[in-house]
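Just below is one structure, and these are the notes that go with it.
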């Protein structure tokens, strides 16, 4: 089944403790992206990648890192999480490198709480 | 500044009626506009994409219009059903940009 898989689904951590949220897609998509969703603010893009080893900042990249060593995987890294990073995170992918003229396929989300 | 506005108040309608949701944008020149459905705690699911040179697009009970003069898209669900209850998001990308920007969504509640 074609899908975007995120793990974990829920994560509670403490301030400063490094964490990684994994994202994998099995559709051979070029474009992958991370969004965070907060009440009243909608989905905001954190980082995106148009292909392997090509990543770029979105609208809210501060405090996050990403890597794209393989086409299928796009992990989101929080080196030193802070409470303002408590949010619902979504990974998404799209067939073409552009990412804006094709539909996005979203993962099920990761609810992160930073205490 | 750039803005995408969707009605933050929930839209409540009776089963069988047509639901109409609005997406207005400011200071964008989008080549594409997309609509997604999101259920609580789940990822958004793509519904329709409309290009700037298309006035209208249909898919089963769904219809989207795109007016680049008014800077507005309307999303219609005809013969609505309780299963259509969800939050609906519009998203667009400025010409030349590689990322979609999302509105904060409108929650639709269809009463049986």
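Residue numbers (our numbering), protein chains in the order written: chain A, 1 to 115; chain B, 116 to 227.
For glycine and all other residues, C-beta sits at the position ideal for the given N, C-alpha and C.
These numbers come from a predicted model, not from an experiment.
(message) Against residue 159 of chain B, what residues of chain A qualify as contacts under a CB-to-CB distance less than 7 Å, listed in chain order?
(response) 106
(message) Restricting to Cα atoms, I'd like to know which of A:72, A:94, A:108 is closest to residue 102 of chain A.
(response) A:94
(message) Whole angstroms are fine: how far does the CA of residue 200 of chain B sit from the CA of residue 154 of chain B?
(response) Between residue 154 of chain B and residue 200 of chain B, the C-alpha separation is close to 8 Å.
(message) Quick check on the DSSP output: what are the complete alpha helix (DSSP H) runs of length 4 or more inside the region 29 to 112 of chain A, in order along the chain?
(response) You should have found no qualifying run.
(request) Find the residues of chain A that neighbour residue 217 of chain B, judging by a C-beta separation of less than 9 Å, and give them in chain order. (result) Under a criterion of Cβ atoms nearer than 9 Å, the residues of chain A adjacent to residue 217 of chain B are, in order, 35, 37, 42, 43, 44, 45.
(message) Relative to the C-alpha of residue 222 of chain B, which candidate in A:18, A:40, A:67, A:60 has its C-alpha closest?
(response) A:40
(request) Would you kindly work out how many angstroms separate the C-alpha atoms of residue 118 of chain B and residue 47 of chain A, rounded to a whole number? (result) 20 Å
(request) Could you work out which residue in B:143, B:131, B:220, B:136 is closest to residue 188 of chain B when comparing CA atoms only? (result) Per the C-alpha coordinates, the member of B:143, B:131, B:220, B:136 positioned closest to residue 188 of chain B is B:136.
(message) Taking the alpha carbon of residue 45 of chain A as the reference point, which residue from B:133, B:215, B:227 has its own alpha carbon closest?
(response) B:215
(request) Per DSSP, which residues does residue 209 of chain B bridge with? Please list them. (result) B:145
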